[in-house]
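J.: Protein chains in written order, with this note's numbering: chain G, 270 to 893; chain Y, 270 to 893.
Cβ atoms here follow ideal geometry from the backbone N, Cα and C, with glycine treated the same way.
For clarity, every value in this text was computed on a predicted model and none was experimentally measured.
(1) In the stretch 814-838 of chain G, which residues sit with their C-beta less than 9 Å from some C-beta in chain Y, listed in chain order?
(2) Rounded to whole angstroms, what's the CA-CA distance from residue 728(G) to residue 815(G)? Just pull it up for me.
(3) For residue 837(Y), which option in 711(Y), 767(Y) and 733(Y) has the closest C-alpha, if you only look at C-alpha atoms?
(4) Excluding sequence positions up to five away, which residues of its chain have a Cβ less than 6 Å from the Cβ of residue 655(Y)?
(5) For residue 559(Y), decide whether its Cβ has a neighbour in chain G, counting only Cβ atoms nearer than 8 Å.
(6) Within the 8 Å Cβ cut-off, does residue 895(G) reach chain Y?
(7) Exposed or buried, which one is residue 899(G) when buried takes at least 16 other CB atoms within 10 Å?
(8) Could you give the DSSP three-state label for residue 364(Y): helix, strand or coil?
(9) With which residues is residue 701(G) paired in a DSSP beta bridge?
(10) Are there any heavy atoms of the ligand NAP lying less than 7 Å away from the beta-carbon of residue 552(G), as far as the coordinates show?
(11) Nearest-angstrom Cα distance between residue 384(Y) and residue 407(Y)?
(12) What are the residues that DSSP puts in a beta bridge with residue 344(Y)?
(13) Inspect the CB distances between the stretch 865-875 of chain G and the stretch 810-830 of chain G and report whether three or more fall short of 8 Å.
(14) With C-beta atoms as the reference, is residue 598(G) less than 8 Å away from residue 693(G)?
(15) Under the three-state reduction of DSSP, which class applies to residue 482(Y): helix, strand or coil?
(16) Check whether the Cβ of residue 464(G) lies closer than 8 Å to any Cβ atom in chain Y.
(17) What are the uninterrupted segments assigned as beta strand (DSSP E) that are 3 or more residues long and contained completely in the stretch 571-606 of chain Y, given in chain order?
(18) Against chain Y, with Cβ distances strictly below 8 Å, would residue 740(G) count as a contact?
(19) Have a look at residue 308(Y) and residue 390(Y) and give me their C-alpha separation to the nearest angstrom.
(20) How many Å lie between residue 791(Y) and residue 885(Y) at the Cα?
(21) Would residue 774(Y) and residue 717(Y) qualify as a contact pair, given that the criterion is a beta-carbon distance under 8 Å?
(22) What residue does the alpha helix (DSSP H) around residue 443(G) start on, and which one ends it?
(23) Assuming residue 520(Y) contacts residue 532(Y) under a Cβ cut-off of 8 Å, what Cβ separation, rounded to an integer in Å, is found between them?
(24) Please identify, using Cβ separations under 8 Å, the residues of the stretch 710-739 of chain G that lie next to chain Y, in order along the chain.
(25) Threshold first: 3 residues or longer. Then list the beta strand (DSSP E) segments lying entirely within the stretch 807-886 of chain G, N to C.
(26) Using a Cβ-Cβ cut-off of less than 9 Å, give me the residues of the stretch 747-777 of chain G that come near chain Y, in sequence order.
(27) Cα-Cα, which of 457(Y), 673(Y), 475(Y) and 527(Y) is closest to residue 505(Y)?
(28) Using the C-alpha atoms, what's the distance from residue 700(Y) back to residue 882(Y)?
(29) Report yes if the CB atom of residue 704(G) is closer than 8 Å to the CB atom of residue 731(G), and no otherwise.
(30) Are the stretch 323-340 of chain G and the stretch 299-313 of chain G touching by the rule of at least three beta carbon pairs closer than 8 Å?
(31) What does the alpha-carbon distance come out to for the pair residue 585(G) and residue 744(Y)?
(32) List, from N- to C-terminal side, the alpha helix (DSSP H) runs of 4 residues or more that fit wholly inside the stretch 738-802 of chain Y.
(33) For residue 513(G), name the three-state secondary structure that DSSP assigns.
(34) Return the Cβ separation of residue 666(Y) and residue 486(Y) in integer angstroms, given the expectation that the two are a contact with Cβ distance under 8 Å.
(35) Going residue by residue through the stretch 283-335 of chain G, where are the continuous alpha helix (DSSP H) segments of at least 4 residues, counting only ones entirely within it?
(36) Since residue 465(G) is in the beta strand (DSSP E), which residue starts that stretch and which ends it?
This is the structure:
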């Protein structure tokens, strides 16, 4: 991977930062955030402005360009990748390390007095605007909204915004109709005494209307906004997608409906003016509910006194708690996904060991091929991380021709992959060795496994927030002086985004919502040695009620049920480092893989993969 | 404990809330916070305004009185106590429970439009003022500072503010002279580019000048403020305490010093006007550093543009990391404290079992008597919690004649107590049974013990915040559906406050500073059954470097060393619930108690207590 040469681009950007054609007053700095107008994590090519200007294309990062400097903030997952992809014009700001300044503090330290700092008001979330603008103002600078995006101004071959057909999901997938979702949302709105709710996140629009799209790779969403009133529904969406009879039928656009369920379809680009009209028509005490992560532009459309901002929207919270139809769909999707991975690992063992011709890219493609053979497969849920040896230490690695290594019997192979099926989203990581792992590799793997089990088997009171479980995943590593620099888990959508709020498992203190039965998160501790290898063991797990001997204050308890059912390579386990309880957990897990996935392999007539599964799920025996 | 009858007092308070003698405009609500002008947790009798108006005298709570209501906010430690001490005029607001409104939200829900809410600006911390005033203002109300305290206005027999003699501490106790502490502070000030630092917390003044006092029971502090400039030191303190030759010598008040170490002594009451003068004399870019918990009155004395506020002051952070002299002092203090408790428990076993005449109060007095026989004993470090049977479930119980139970062979006895010695502060909880505990009591005790050990033996990376360790203390309880509703640990001062910041171990996400070697915290999980019993096992532990097999990113690891060396009653342990590792921890701990405390008991000629210690530290044997 050679870095992108950005000298000329930065020169052009610095020119438009001073051009009266684009800015009222010259800018001394311009911020290029990662997201799109919906604060999405995964974005369409036309929104990859930060990657365009810097070369760094990881999923998280913010670029700031001043007259003298160009700096990039990103987190521990991307330190290596960003360093590889950016040229010498850029300074890497390693977030999470003690000495790394915040963007605001850095700006204050480098800017000349009375500077103007520009940003696209549609891209920056309102909460971030507020924080930055406060610090900048108190240091004598100004954060200013720049209507025209300055990256777009210099991006001559910027791709078109996608506008692909929609998929409608019926009740057997969603469990709840969009009408019932609107009713539930309005009841939450009434509870909080708000009259309007603005849906800005793409996955929230998709979930609310039981629709899916493919405007953004890996995330089955489509560009749209919605504004829900107590008696009105406005959907802002472009193209002829609303001409599709299936969509018209699904949304009952041509039916005679009670007026409060009649959907008014408006152009995507009219959201700001429509919202400004809503804002202008409000009477005192009438409130509009927005996410505090909605863009500054949309938030400003509502006068401050009328805004009701929350970190998580009622849709985000409702969406996180999966109903029985969604849970069953997720189970089915994970069984199919396991079938594909059994096929893959069986194939790899056959190919890697004698031939040595399988590269990371070939393995990733093969994984996709096996997945695509499964029913209701739609696409991958993220770019496959297929990494061997030192590439495994690059936490969010994606193989490209320049870095592509060949799998061998001498290196650890880490595969983090997943798919979108019409009935559910998967995300699984397995770490394998096709030869003989060293004692040290087995030791590290076993600590990671102990952490994985500690979270998966944890029992905790109803209402516990996920961040209180994070240290369980690290304890075995900590005992030996080891650790990993990423969180332990994220929420997972149901045929939606593979990363979703409002819950997660992380040492970072963020405003996570309490875990409750029906929520789905990942459990993925790891261990990484730069230049040498990476280990991660990831299952998607469902929060379920736990049976306990006692029940303090009648609160009830919760635990996790693994949805992912793919064998964990026993060859990598140092059994003597496991307690009997941990050993039993592995054996029970493998027994379940064998039964559930075995039956499906049998049904699909995949006998060789079934034999591989049986072999890989032999019980561990622990010396007493 | 019968509740305080407050009908007449509330009537008087509501009168002064409308009296033009005290307020410019009538108040619709008046807030009575817990603290004093220094935001102390433990306060002098003259500052116990909230207890005076409500009857509830726990260490944490805020009263709000409106024309119609009187409400008290307190946390889980005090739910039972507050309910017992307050009459029907009061509504208890249980903080931490889901449905309990915040003070601001409650005020907004009960106040008539355009209300004035009064508070003493010297008592309310600036950060709290800001939060409350924002919410109130956005709902159309006003938070107004009321110069004269309205409780003082109706408190006819309010005690005098104490003004007791000072104790000077020499280098053998403090390890660092006050001059060197000033130098270190000024270097922190220079780093942050501030010109002035205002010391408002009583323990910070005491620590900075290596002085102690006895103005507040249990906390060896004295009423004072200090304002440190780059070349000036101003100490605001009353009385003839500065006439004491030892104090004059200690502070070198009569020596010819470099001007920057010359202490200017000013009256306690002149802080506000002096600070206003400092504020008025500032040039642009000159900043004054204050804790964001300093009072609203003092914070307002500095114009907003010149304030530099942080949650923790550099003194708070420096004070938390104990140097070698302080650590050695803390070790000595804990050995003496253990001697006293061995004597006590030996005495209790002799008295309780055959006689049945020892009450909670007698036991507490006896504990104090034994402690007072130890060298350098000053006073207790908090009101002894001596509680048997159901009283043990009242987490911060203090025995009074009305509640005083007799210890018996049928009930669990919980003793949480500690002392101030000139060389250190102690805080220890032991839970004992003088007869035969039930299997259930042993089971619960053993889960609490497992949690205690999980924290005490934890190894974690340098820079880990204490809240990441909290779940370790709960895991064994959670597995059985049990839990406790308080944090796991607090910072402990060195011959200073028994509760101090900036570190702790709690599920509550507060801005705790990372743990580092030399910090001292408590480790005190528990389990409580209302109406039945309470269990808590508490040691004070020192953060020390840990030796680990590996050293990820060269970060280094930490663990804890118990300073408390008092046997944990093995009779209460169900050995079969312990792992071999946990069993070894108990045996190693008891071996250390035996060696270290045994030697001191021997030296002091306390042979009977020594025999008790030997008996109580017999190794546990676990069935394989």
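T.: From the atom records:
(1) 815, 816, 817, 818, 819, 820, 821, 822, 824, 825 and 826
(2) 7 Å
(3) 711(Y)
(4) 629, 632, 633, 668 and 684
(5) no
(6) In this structure chain G extends from 270 to 893, so residue 895(G) is not present and cannot be described.
(7) Any property of residue 899(G) remains undetermined from this structure, which presents chain G solely from 270 to 893.
(8) coil
(9) 682(G)
(10) With respect to the ligand NAP, the structure shown offers nothing to examine, as it has no ligands at all.
(11) 12 Å
(12) According to DSSP, which records beta bridges pairwise, residue 344(Y) is partnered with nothing at all.
(13) no
(14) yes
(15) coil
(16) no
(17) 576-579
(18) yes
(19) 12 Å
(20) 23 Å
(21) no
(22) 440-443
(23) 5 Å
(24) 727, 728, 729, 730, 732, 736, 737, 738 and 739
(25) 808-815 and 826-831
(26) 747, 748, 749, 750, 751, 752, 753, 754 and 776
(27) 475(Y)
(28) 16 Å
(29) no
(30) yes
(31) 29 Å
(32) 739-748
(33) coil
(34) No, residue 666(Y) and residue 486(Y) are not in contact; Cβ-Cβ is about 17 Å, not under 8 Å.
(35) 318-323
(36) 465-468
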